[in-house]
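**Q** Take this structure, written in structure tokens, and hold onto it; I'll ask about it next.
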Amino acid sequence: MENEVTYRLGIFISLFLILALAERLLPRRRLSATKLNRWFTNCAINIFDFLTLRLLAIVLPALAVGAAWDAGARDYGLFNHTDWPFWIEFLSAMLILDFLIWTQHLITHKIPLLWRLHRVHHADTDIDVSTAIRFHPIEICLSMLLKIGAVYALGPAAITVIMFEIILSGCALFNHANLRLSKTVDTVLRFFLVTPDMHRVHHSNKRSERNSNYGFSISLWDRLFKTYIAQPADSHEDMTIGLEWQDERPIKLGWSLASPFFRK
Numbered sequence: 012m013e014n015e016v017t018y019r020l021g022i023f024i025s026l027f028l029i030l031a032l033a034e035r036l037l038p039r040r041r042l043s044a045t046k047l048n049r050w051f052t053n054c055a056i057n058i059f060d061f062l063t064l065r066l067l068a069i070v071l072p073a074l075a076v077g078a079a080w081d082a083g084a085r086d087y088g089l090f091n092h093t094d095w096p097f098w099i100e101f102l103s104a105m106l107i108l109d110f111l112i113w114t115q116h117l118i119t120h121k122i123p124l125l126w127r128l129h130r131v132h133h134a135d136t137d138i139d140v141s142t143a144i145r146f147h148p149i150e151i152c153l154s155m156l157l158k159i160g161a162v163y164a165l166g167p168a169a170i171t172v173i174m175f176e177i178i179l180s181g182c183a184l185f186n187h188a189n190l191r192l193s194k195t196v197d198t199v200l201r202f203f204l205v206t207p208d209m210h211r212v213h214h215s216n217k218r219s220e221r222n223s224n225y226g227f228s229i230s231l232w233d234r235l236f237k238t239y240i241a242q243p244a245d246s247h248e249d250m251t252i253g254l255e256w257q258d259e260r261p262i263k264l265g266w267s268l269a270s271p272f273f274r275k
């Protein structure tokens, strides 16, 4: 179990560094804030997330991957009572879990109390690979509890959950990156995946655009439920990232951690 965490962390850090270099070489838009200050806050929030999940692991019998092992040992969940081939179970679980994350994301935009948590992510006045790790620790814990419940209900193999977590975090890093892709590459990729241009629309300070493109991995759900917006009303270079109001508070770590406890 400890090795699994180490491997996943190694993959995550490697992807983060690769995409950080890529967006420096091929930036999509000019950043409006000092990168050093933003990255300090975003990375510090992520450290709090990691530590909070470690504490949650002490309180709970298992997190998502551990829940898969436990569900298998106890014959909990749908897939532990079927004779489906592994590849069908794998694909089914990946799709169901991804849809669950899409639904969770949509709900955080619709329920005011959850939006207070999620707005910490959207308060970033720029969007780059560091934005992908800017989630309030309470939101991270709630998301983990949701995944644990889903894993016990489905009963997927532990390797399936590990792959899902790696793909989800990898796609989040990719689609938050300030990375310029050619129009052809972007068009082809977004038939299946959420691209940086597609997800950037979701980080617009315009509410109509922010309430769209909820996907983190695949673009299917937004197309299917008609929450897909192809391009921002303004160009990608000229659109404003963040919330309706713009100031320096989101760059500060203290505000970012305390924000959910204030109306604004």
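Position 157 of the sequence shown, counting from 1, maps to 168 under my numbering, and the rest follow consecutively. Yeah, the Cβ is synthetic: ideal placement off N, Cα and C, and Gly gets one too. The model shown is predicted, which means the values in this text are computed figures rather than measured ones.
(1) Ignore the nearest five residues each way along the sequence and tell me which others in glutamate 83's own chain have a CB closer than 8 Å to its CB.
(2) Relative to the C-alpha of leucine 268, which residue among Asp208, Phe202, Asp249, Ile151 is closest?
(3) Contact criterion: CB-CB distance below 8 Å. Does isoleucine 99 meet it with respect to chain C?
(4) Tell me which residues share the same chain as leucine 200 and place their Cβ nearer than 8 Å to its Cβ, disregarding the 5 neighbours each side in the sequence.
(5) Please name the residue or residues paired with leucine 204 in a DSSP beta bridge.
(6) Tell me which residue opens and which closes the alpha helix (DSSP H) that aspartate 60 is part of.
(7) Classify alanine 75: buried if its beta carbon has 16 or more other beta carbons within 10 angstroms, exposed otherwise.
(8) Count the other CB atoms within 10 Å of the CB of glutamate 100; is the residue buried (16 or more) or exposed (fewer)?
(9) What does the Cβ neighbour count give for leucine 30, buried or exposed, with the cut at 16 atoms within 10 Å?
(10) One question on the structure: do arginine 19 and isoleucine 173 come within less than 8 Å of each other, judged by their Cβ atoms?
(11) Quick check: asparagine 186 and histidine 147, are their CB atoms within less than 8 Å of each other?
(12) Cβ atoms of tyrosine 239 and serine 10: under 8 Å apart, would you say?
**A** In brief:
(1) What sits at residue 83 in the sequence shown is glycine, not glutamate. Cβ-Cβ distances below 8 Å link glycine 83 to Asn91, Gly166, Ala168, Ala169 in the same chain, with the five nearest sequence neighbours on each side left out; the list follows chain order.
(2) When only C-alpha atoms are compared, the closest one is Ile151.
(3) This model lacks chain C altogether, as it is built from one protein chain only.
(4) By the criterion of a C-beta distance shorter than 8 Å, leucine 200 is surrounded in its chain by Leu192, Thr206, once the five residues flanking it on both sides are discounted.
(5) Its beta-bridge partners are Ile229.
(6) DSSP places aspartate 60 inside the alpha helix (DSSP H), whose first and last residues are 46-70.
(7) Answer is buried; the Cβ neighbour count reaches 16.
(8) Note on glutamate 100: 16 or more other CB atoms within 10 angstroms of its CB, so buried under the neighbour-count rule.
(9) Only buried fits leucine 30, as 16 or more other CB atoms lie within 10 angstroms of its CB.
(10) In contact: arginine 19 and isoleucine 173 (Cβ atoms closer than 8 Å).
(11) Taking the C-beta atoms as reference points, histidine 147 is found no nearer than 8 Å to asparagine 186.
(12) With the chain represented from 12 up to 275, any question about residue 10 goes unanswered, as that position is not in the structure.
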